[in-house]
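Asks:
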Amino acid sequence: MSTINALDHEKNARWAAVDDYVWTSLYSTPTPLLSSLSAALDHQHASGLPDIAVSRLQGAFLAQQTALQNRKHVLEVGTLGGYSTIWLASAAPKVQVVTVDIEAKHTEVARHSVTQAGFAERVEFITAPGVEALSKLRDEVKAGKRERFDFVFIDADKAGSADYVNLSLDMVVPGACIIVDNVVRRGRTADAEVAKTDVNVAGSRKVIEAVGRNPRLEASVLQTVGEKNYDGMLICRVVD
Numbered sequence: 015m016s017t018i019n020a021l022d023h024e025k026n027a028r029w030a031a032v033d034d035y036v037w038t039s040l041y042s043t044p045t046p047l048l049s050s051l052s053a054a055l056d057h058q059h060a061s062g063l064p065d066i067a068v069s070r071l072q073g074a075f076l077a078q079q080t081a082l083q084n085r086k087h088v089l090e091v092g093t094l095g096g097y098s099t100i101w102l103a104s105a106a107p108k109v110q111v112v113t114v115d116i117e118a119k120h121t122e123v124a125r126h127s128v129t130q131a132g133f134a135e136r137v138e139f140i141t142a143p144g145v146e147a148l149s150k151l152r153d154e155v156k157a158g159k160r161e162r163f164d165f166v167f168i169d170a171d172k173a174g175s176a177d178y179v180n181l182s183l184d185m186v187v188p189g190a191c192i193i194v195d196n197v198v199r200r201g202r203t204a205d206a207e208v209a210k211t212d213v214n215v216a217g218s219r220k221v222i223e224a225v226g227r228n229p230r231l232e233a234s235v236l237q238t239v240g241e242k243n244y245d246g247m248l249i250c251r252v253v254d
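Residue numbering for the sequence shown follows the working numbering, starting at 15 and increasing by one per position.
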């Protein structure tokens, strides 16, 4: 669901080395989950999907945030190959994930990996454009047909991020966490001139500024470096 810019995915050897060191130090003991995550990435790559999933440590961060905050109803916008989906579904036994992607192939690849990981009963897949899918989910929540979400992870087309946040706000509980990935764009988000020609930068600026104007949200941007280069996450808390 993302527009890919090769510059965003250049590798920095030092940053990648730190990620490798930290990962092997913190996750040195093999587990079924780690094997499933590795298999999911292999299946994603073998299926020809782009290498734009969250990093290993970012996936662990998402799972930890979900678990630490005792979240149970998770919405993911941007399934890709299911790597982040598996991390989210693994956070706690009662977590239920609804994951949305516009590409049927992404859903097919992700469903296979999620099933192989043993989380099929925890994950619902929706294949549709983001605004269409979230509008329908919002209507179902308002009609009492679905539980409200308490954790939202948005990692889809950057031009749509602001719309996805706004739609999510209509179907979350007070205190919910909303995370938008890839908002720093190697620092280019700070450059208004770049935003005139780069839809990803423009979308990132739009969502940051929209969140800043919204009295229902408190937020910060966490800049990140690592095997996925220099980027960052917009982390929001719904205050009412």
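Ideal placement from N, C-alpha and C gives every residue a C-beta, glycine not left out.
Going by DSSP, which residues form a beta bridge with M247?
Replies: D195, L236
Asks: Quick check on Y35: buried or exposed, where buried means 16 or more other Cβ atoms within 10 Å of its Cβ?
Replies: exposed
Asks: Would you report the Cα separation of T129 and E122, rounded to the nearest angstrom?
Replies: 11 Å
Asks: For A190, which of helix, strand or coil comes out of DSSP?
Replies: strand
Asks: Our contact map puts F167 next to S98 with C-beta atoms below 8 Å; I'd like the distance itself, whole angstroms only.
Replies: 7 Å
Asks: Is T80 helix, strand or coil by DSSP?
Replies: helix
Asks: Let me make sure I understand the geometry here. Which of N180, A60, M185, T141 has the alpha-carbon closest to that of E161?
Replies: M185
Asks: Please state whether the Cβ-Cβ distance between F133 and T113 is less than 8 Å.
Replies: no
Asks: If I follow the unbroken beta strand (DSSP E) through F164, where does it start and stop?
Replies: It is worth fixing the name first, because residue 164 is Asp in this sequence and not Phe. Here the beta strand (DSSP E) through D164 covers 163-168.
Asks: Kindly provide the ranges of any alpha helix (DSSP H) runs that are 4 or more residues long and lie completely inside the segment 39-100, ordered along the chain.
Replies: 46-60, 70-82
Asks: Buried or exposed: where does G62 fall if 16 or more other Cβ atoms within 10 Å of its Cβ makes it buried?
Replies: When all chains shown are included, G62 counts as exposed.
Asks: For the beta strand (DSSP E) that I222 lies in, which residues bound it at each end?
Replies: Counting along the chain, no beta strand (DSSP E) covers I222; the unbroken alpha helix (DSSP H) around it starts and ends at 213-227.
Asks: May I ask you to list the residues that DSSP assigns as paired with T113?
Replies: Beta-bridge pairing links T113 to E90, F139.
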